[in-house]
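Working notes, structure below.
Number of protein chains: 2
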Amino acid sequence: MQTAEATAAIFVQRWNEAADLAVGTCPVRGVLDRISDKWSMLLVMTLASGPRRFNQIRREVPDISQKMLTQTLRDLQRDGLVARRVFDTKPPSVEYRLTPLGQSIIVPFGYLIEWASGNLPRIEEAREEFDTAA
Amino acid sequence: MQTAEATAAIFVQRWNEAADLAVGTCPVRGVLDRISDKWSMLLVMTLASGPRRFNQIRREVPDISQKMLTQTLRDLQRDGLVARRVFDTKPPSVEYRLTPLGQSIIVPFGYLIEWASGNLPRIEEAREEFDTAA
DNA sequence: GCGTAACGTCACCTTGAGGTAACCGCCATG
DNA sequence: CATGGCGGTTACCTCAAGGTGACGTTACGC
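From first to last, the protein sequence lines are chains A and B.
Count the first sequence with the numbering used here and you get residues -7 to 126, in order.
Count the second sequence with the numbering used here and you get residues -7 to 126, in order.
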């Protein structure tokens, strides 16, 4: 197991080696922009524990509108993270599940969520301090 | 070293245990919304390799507007990820550096970037396939 | 005096993400 | 007959993110 510092150093080095990552056509930006909308991450994590049907997701994520659920699922499907399967029942039911590619993003998401929940108190503290200073 | 599957399973389990993460006041969402704007991640990674001055950052990230650089740096400072130091030179120069909290986010970011650059071809492939199918 | 570089602020405008609500066909149930 | 659940689509509206460009202050070099 490496220290966090060593791991960070490796990532920083890779980032710097990737030359023009900061400018216009950075490929990482393209993917990250897609992932960083309001619902994508939430839906991926929801589907992480198994396939779901449309209205099942709606019930689990109550504050998403029908439109955004449809749209976000389409986008995730387009990117190959989610597979859509229509069953020929009456009425037809639709199942959404993560593809292997979709499952592979759970790990990096997990690290980010872990960081977020672990450091939330520190961030809120910093915000208060900053706001009272101003 | 665990397999990716095992790691993912742990993250999924934690996510499910965190009960009301999906609804309204989810603390993770609060932090992630901040991080997922257009420039935050890019600036953090830029500052990862050392402190920078204002216009130095502008030159390294040429497509950011002055306004957004100021604003994003302020937000990062407010969240305690970036420290701002004013030097009493003439004219005054300003240095931005990551705080320890800011440095700690490099690792989760790194995993995400690694995933993004590794899977970009697959995503583009999926997009093409999806678009031609429609 | 003039330009330039330092680090911003302010006013304005455009764009698009996302919410709301209505509507669709189909089928089961009361 | 009517209601409700299924899985959407469409039109409309709002709000905030982000870009542009002007302005400001100080100090240095030409």
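We treat Cβ as the ideally placed atom computed from N, Cα and C, and that holds for glycine.
Since the structure is predicted, the reported quantities are computational estimates derived from the model, not experimental observations.
Taking D67 (chain B) as the reference, which of A:G72, A:E116, A:L24 has the closest Cα?
On the second sequence, residue 67 (chain B) is found 75 positions in, with the first residue counted as 1. Nearest option by C-alpha distance: A:E116.
Counting only C-beta atoms, is D71 (chain B) closer than 7 Å to chain A at any point?
Position 79 of the second sequence, counted from the first residue, corresponds to residue 71 (chain B). D71 (chain B) counts as touching chain A.
Cut-off 8 Å between Cβ atoms - residues of its own chain near M33 (chain A), not counting five sequence neighbours on either side:
Counting from 1 along the first sequence, the entry for residue 33 (chain A) is found at position 41. For M33 (chain A), where only same-chain residues beyond five positions count, the Cβ hits under 8 Å are I27, F101.
Is any beta-carbon of chain A found at less than 7 Å from that of M37 (chain B)?
On the second sequence, residue 37 (chain B) is found 45 positions in, with the first residue counted as 1. True, the Cβ-Cβ gap to chain A drops below 7 Å.
Coil, strand or helix - S57 (chain A) by DSSP:
Translated into the one-based positions of the first sequence, residue 57 (chain A) becomes position 65. Coil, per DSSP.
Can you name the start and end residues of the beta strand (DSSP E) that S85 (chain A) belongs to?
What you label residue 85 (chain A) is simply residue 93 of the first sequence in a count that begins at 1. That run of the beta strand (DSSP E) goes 85 to 90.
What residues from chain B crowd round Q95 (chain A), counting only those whose CB sits closer than 7 Å?
As a first step, residue 95 (chain A) must be located in the first sequence, where it is residue number 103. Ordered by position in chain B, the residues that pass the 7 Å Cβ test against Q95 (chain A) are A0.
Span separating the alpha-carbon of F122 (chain B) from that of R76 (chain A)
Stepping through the second sequence from its first residue, residue 122 (chain B) is reached at position 130. Stepping through the first sequence from its first residue, residue 76 (chain A) is reached at position 84. Between F122 (chain B) and R76 (chain A), the C-alpha separation is close to 12 Å.
Counting only the same chain and skipping the five closest in sequence on each side, list residues whose C-beta sits under 6 Å from that of F79 (chain A).
As a first step, residue 79 (chain A) is located in the first sequence; it is residue number 87 there, counting from the start. Around F79 (chain A): S85.
Closest Cα partner of T91 (chain A) within the set A:V99, A:Q69, A:P83:
As a position in the first sequence, residue 91 (chain A) is number 99, starting the count at 1. Looking at the Cα atoms, A:Q69 is the closest of the given residues.
Beta-carbon within less than 6 Å of P43 (chain B)'s beta-carbon, same chain only, minus the 5 sequence neighbours each way: which residues are those?
In the second sequence, residue 43 (chain B) corresponds to position 51, counting from 1. Excluding sequence neighbours, P43 (chain B) sits near E87, R89.
Give the interface partners of F3 (chain A) over in chain B, defined as CB-CB distance under 9 Å, in chain order.
The count along the first sequence starts at 1 and reaches residue 3 (chain A) at position 11. Within 9 Å Cβ-Cβ: M37, A40, I98, V99, F101, G102, Y103, I105, E106.
Under the rule that 16 or more other beta-carbon atoms within 10 Å means buried, what is A40 (chain A), buried or exposed?
Counting from 1 along the first sequence, the entry for residue 40 (chain A) is found at position 48. By the neighbour-count rule (16 or more Cβ atoms within 10 Å), A40 (chain A) is buried.
DSSP three-state label for A126 (chain A), please.
As a working note, residue 126 (chain A) is residue 134 in the first sequence. It is coil, neither helix nor strand.
Every unbroken alpha helix (DSSP H) within the stretch 17 to 48 of chain B, with a cutoff of 4 residues, ordered by chain
19 to 27, 32 to 39
Distance, Cα to Cα, E120 (chain A) vs P83 (chain A)?
On the first sequence, residue 120 (chain A) is found 128 positions in, with the first residue counted as 1. On the first sequence, residue 83 (chain A) is found 91 positions in, with the first residue counted as 1. If I take the Cα positions, the gap works out to 52 Å.
How far does the alpha helix (DSSP H) with A0 (chain B) in it extend, from its first residue to its last?
Against the second sequence, residue 0 (chain B) aligns to sequence position 8. Its alpha helix (DSSP H) spans residues -4 to 9.
Thinking C-alpha only, which one of B:P113, B:L93, B:V36, B:T(-1) is nearest G110 (chain A)?
Here residue 110 (chain A) refers to the residue found at position 118 of the first sequence. The residue with the shortest Cα to Cα distance from G110 (chain A) is B:L93.
Should G72 (chain A) be labelled buried (16 or more other beta-carbon atoms within 10 Å of its own) or exposed?
Within the first sequence, residue 72 (chain A) is the residue found at index 80, counting from 1. Answer is buried; the Cβ neighbour count reaches 16.
Roughly how many angstroms separate the alpha carbons of I97 (chain A) and I49 (chain B), rounded to a whole number?
Counting from one through the first sequence, the residue named residue 97 (chain A) turns up at place 105. Counting from one through the second sequence, the residue named residue 49 (chain B) turns up at place 57. Those two C-alpha atoms are separated by around 30 Å.
Does any residue of chain A bring its CB to less than 7 Å from the CB of F79 (chain B)?
Counting from one through the second sequence, the residue named residue 79 (chain B) turns up at place 87. No, F79 (chain B) does not count as interfacial toward chain A.
Determine whether the Cβ of A75 (chain A) lies closer than 7 Å to any Cβ atom of chain B.
The sequence position of residue 75 (chain A) within the first sequence is 83, counting from 1. No, A75 (chain A) does not count as interfacial toward chain B.
How would you call M(-7) (chain A), buried or exposed, if buried means at least 16 neighbouring beta carbons within 10 angstroms?
Locating residue -7 (chain A) in the first sequence gives position 1, counting from the first residue. By the 10 Å Cβ count, M(-7) (chain A) comes out exposed.
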